[in-house]
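**Student:** Chains as they are written, first to last, in our numbering: chain D, -8 to 276; chain L, 868 to 1151.
Cβ atoms here follow ideal geometry from the backbone N, Cα and C, with glycine treated the same way.
Computed from a predicted model, the values in this text were never measured in an experiment.
1. Helix, strand or coil: how does DSSP classify residue 8 of chain D here?
2. With 8 Å as the threshold, decide whether the Cβ of residue 133 of chain D is near any Cβ in chain L.
3. Suppose you measure from the CA of residue 163 of chain D to the CA of residue 81 of chain D; what does that come to, to the nearest Å?
4. Return the chain-ordered list of same chain residues with a C-beta closer than 8 Å to the C-beta of residue 875 of chain L, the five sequence neighbours on each side being excluded.
5. Of the residues D:170, D:169, D:140, which one's Cα is nearest the Cα of residue 283 of chain D?
6. Residue 3 of chain D: buried (16+ other C-beta within 10 angstroms of its C-beta) or exposed?
7. With a threshold of 8 Å between beta-carbons, can residue 917 of chain L be considered close to chain D, or not?
8. Do residue 73 of chain D and residue 98 of chain D count as a contact pair if the criterion is CB distance below 8 Å?
9. Helix, strand or coil, according to DSSP, for residue 879 of chain L in the structure here?
10. Report the three-state DSSP secondary structure of residue 1111 of chain L (helix, strand or coil).
11. Spell out the partners DSSP gives residue 225 of chain D in its beta bridges.
12. Look at residue 1119 of chain L and residue 1092 of chain L and say whether their C-beta atoms are less than 8 Å apart.
13. Just reading off the beta strand (DSSP E) that residue 161 of chain D is part of, what are its end residues?
14. To test your reading of the DSSP string, which unbroken alpha helix (DSSP H) runs of 4 or more residues are found completely within the region 1011 to 1044 of chain L?
15. What is the C-beta distance between residue 969 of chain L and residue 909 of chain L, in whole angstroms, given that I count them as a contact (C-beta under 8 Å)?
16. I think residue 1065 of chain L touches residue 1103 of chain L, with their Cβ atoms under 8 Å apart; what is that distance to the nearest whole Å?
17. Does DSSP put residue 1099 of chain L in a helix, a strand or coil?
18. Can you pull the DSSP bridge partners for residue 967 of chain L?
19. Got a sec? Which residues, its chain only, sit under 6 Å from residue 191 of chain D by beta carbon, not counting five neighbours each side?
20. Note down, in chain order, every chain L residue with its Cβ under 7 Å from the Cβ of residue 92 of chain D.
21. Tell me, to the nearest whole angstrom, how far the beta carbon of residue 1067 of chain L is from that of residue 1061 of chain L; I am working on the premise that it is less than 8 Å.
22. Of all the residues that make up the region 32 to 55 of chain D, which are near chain L by a beta-carbon distance shorter than 7 Å?
23. I'd like to know whether the C-beta atoms of residue 287 of chain D and residue 1018 of chain L end up nearer to each other than 8 Å.
24. What are the start and end residues of the alpha helix (DSSP H) that includes residue 27 of chain D?
25. Please go through the same chain and pick out, in chain order, the residues whose beta-carbon is closer than 7 Å to the beta-carbon of residue 1063 of chain L, but skip the five residues on each side of it.
26. Should the region 146 to 161 of chain D be regarded as contacting the region 233 to 244 of chain D, the criterion being three or more beta carbon pairs within less than 8 Å?
27. Name the chain D residues that come within less than 8 Å of residue 941 of chain L, Cβ to Cβ?
28. Which of the three DSSP states, helix, strand or coil, is assigned to residue 1001 of chain L?
29. In three-state terms, what does DSSP make of residue 1057 of chain L?
This is the structure we're talking about:
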């Protein structure tokens, strides 16, 4: 067995889903015995069989990747409950194993996966997708790039044909539920404290009542300010104007999108807010 | 031989891993710490708090980078985006050397995010040494490879783990990050004498030493980094220092992380062995 053959064999075995009891499957989906497969390339020792030694890696793989996804989606997990959430994550990771060197990217496609698989959230599907989109937007806003915003004299020089870039960490989301309230309710008691003496990291012992969610169209800006991620509710017209600018439309084209009675007020309000928060940048990125 | 080509001729003392729960304590209290080890991947991001904190730490402390996903032993070439980002971080931190593990973890573009053991074969020696050389040349700083804890061995192996390590570092002309806790954990799982391992490594290539805690189960031992360092590991450490001389030492504590002061106090126990006059007494 060459090095590459061994690594392909072991990778396949390590990523094979666990049983409901969190043990290694005794047989592959093709019916092959995992005892025989493991024994073919892994030595037993006086305590463990080849199967049991491979099983340690198989279990660690799944505990690690499910743990990583759970960290990114605490609100989605709270909505679905552990059982449905685990089923979702397992199906997601089976279809989309990690293709990045960093675990940070592991759950990037979960919102799209959930969008295409309503069965994991049944009647809460739309709400679940919105929560997932907001939680991933948080991850992107948390460590996305930040570039020098336009100074006031540069903003003053902008004309109708100018284009702008928005801060790379800014995410604009249109959602069908007020999911920012839901996510914040879940995140608040999740804050952890370092203990002394007992040397244990414990979840704060707080019970959370999750807010009831009724459909309500909401427009959100997820952005970072002084290293903290904020959710800001926007007016629909503000959202559409910013979205157009983010898509590199000229200021004239973007303004055209929101033509109407409120146009002037929206433009003033959006530019004031974006300038204050440093969202406008040179369109060279 | 504390300073050698494999740690950039530095003479670092006892460091601890930089971990998120300790950020506020470190930045507000500014404790005296010889150096911090960072997990490179945690700071290979585009912006935000991780990099802001890192820059504040760099203003006041010496930092050494330690990676978890280079996978020197993977049969296929390293990821270019990973290498580019790693080099950017090397420039930012000024790390005098960089370490990652003697293991594999990815194949055909899929990543397990685990430190999987290698078969100790001549093919693996050649492949791994070539990868290390490529990375070392690209990053332009010394690279040290760390022995991993493992729970499986392969029929294909043609030599012991320590013979494999020696062959790889010689062929790659790189340093060793000697993890004495990993040696102990693997010795329990693979039924070898850990002292023979420590006695067999080329002492002049040891750039750094890791110490950590582990968990002993009924039928195997797990590398958990969630306990103080246990006595058998201190014994291996004492022997390693006896062979290598006072060497940059780092305590890893990654789970159930206690207060900064508790972690630092545990790390500073290494000084019993690092002061040459104390070695004899500590070993006894």
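**Tutor:** Reading off the structure:
1. Residue numbering aside, residue 8 of chain D sits at position 17 when the first chain is read from its first letter. Residue 8 of chain D: coil per DSSP, three-state reduction.
2. If you number the first chain from 1, residue 133 of chain D lands on position 142. So, interface residue.
3. Locating residue 163 of chain D in the first chain gives position 172, counting from the first residue. Locating residue 81 of chain D in the first chain gives position 90, counting from the first residue. Cα to Cα, the separation comes out at about 29 Å.
4. On the second chain, position 8 is the one that residue 875 of chain L refers to. Excluding sequence neighbours, residue 875 of chain L sits near 963, 964, 1008, 1009.
5. No information on residue 283 of chain D is available, as it lies outside the stretch -8 to 276 that chain D covers here.
6. Counted from its first residue, the first chain places residue 3 of chain D at position 12. Counting Cβ neighbours within 10 Å, residue 3 of chain D comes out exposed, since fewer than 16 surround it.
7. Along the second chain, read from residue 1 onward, the residue named residue 917 of chain L stands at position 50. Cβ-Cβ to chain D under 8 Å: yes for residue 917 of chain L.
8. Mapped onto the first chain, residue 98 of chain D falls at position 107. Mapped onto the first chain, residue 73 of chain D falls at position 82. Not in contact: residue 98 of chain D and residue 73 of chain D (Cβ atoms no closer than 8 Å).
9. Position 12 of the second chain holds residue 879 of chain L. Three-state result, residue 879 of chain L: coil.
10. Here residue 1111 of chain L refers to the residue found at position 244 of the second chain. In this structure, residue 1111 of chain L counts as helix in the three-state DSSP scheme.
11. Mapped onto the first chain, residue 225 of chain D falls at position 234. Paired residue(s): D:210.
12. By 1-based counting over the second chain, the position of residue 1119 of chain L is 252. By 1-based counting over the second chain, the position of residue 1092 of chain L is 225. The answer is yes: Cβ separation under 8 Å.
13. On the first chain, residue 161 of chain D is found 170 positions in, with the first residue counted as 1. Element bounds for residue 161 of chain D: n/a, residue is neither H nor E.
14. 1028 to 1039
15. Counted from its first residue, the second chain places residue 969 of chain L at position 102. Counted from its first residue, the second chain places residue 909 of chain L at position 42. In fact, because the Cβ distance is near 21 Å, the residues do not count as touching under 8 Å.
16. Residue numbering aside, residue 1065 of chain L sits at position 198 when the second chain is read from its first letter. Residue numbering aside, residue 1103 of chain L sits at position 236 when the second chain is read from its first letter. Their Cβ separation, rounded to whole angstroms, is 5 Å, which keeps residue 1065 of chain L and residue 1103 of chain L in contact under 8 Å.
17. Numbered from its first residue, the second chain carries residue 1099 of chain L at position 232. It is helical.
18. On the second chain, residue 967 of chain L is found 100 positions in, with the first residue counted as 1. Answer is L:1012, bridged to residue 967 of chain L.
19. The residue labelled residue 191 of chain D in the question sits at position 200 within the first chain. Model confidence at residue 191 of chain D stands at a pLDDT of 37, short of 50, so the residue's coordinates are unreliable and nothing is read from them.
20. Walking along the first chain from the start, residue 92 of chain D turns up at place 101. Simply 936, 946, 949, 978.
21. Within the second chain, residue 1067 of chain L is the residue found at index 200, counting from 1. Within the second chain, residue 1061 of chain L is the residue found at index 194, counting from 1. Between residue 1061 of chain L and residue 1067 of chain L the Cβ distance is about 11 Å, and since that is not below 8 Å, they are no contact.
22. 32, 33, 34, 36, 37, 38, 39, 44, 45, 47, 48, 51, 52, 55
23. No information on residue 287 of chain D is available, as it lies outside the stretch -8 to 276 that chain D covers here.
24. As a working note, residue 27 of chain D is residue 36 in the first chain. Taken as a continuous stretch (DSSP letters only), the alpha helix (DSSP H) holding residue 27 of chain D covers 25 to 32.
25. Residue numbering aside, residue 1063 of chain L sits at position 196 when the second chain is read from its first letter. Excluding positions up to five away in sequence, the list is empty.
26. yes
27. For the purposes of this step, residue 941 of chain L is taken as residue 74 along the second chain, with counting starting at 1. The contacting residues are -2.
28. For the purposes of this step, residue 1001 of chain L is identified with residue 134 of the second chain, where counting begins at 1. DSSP places residue 1001 of chain L in helix when its eight states are reduced to three.
29. To locate residue 1057 of chain L, count along the second chain from 1; it is residue 190. Three-state DSSP puts residue 1057 of chain L in a helix.
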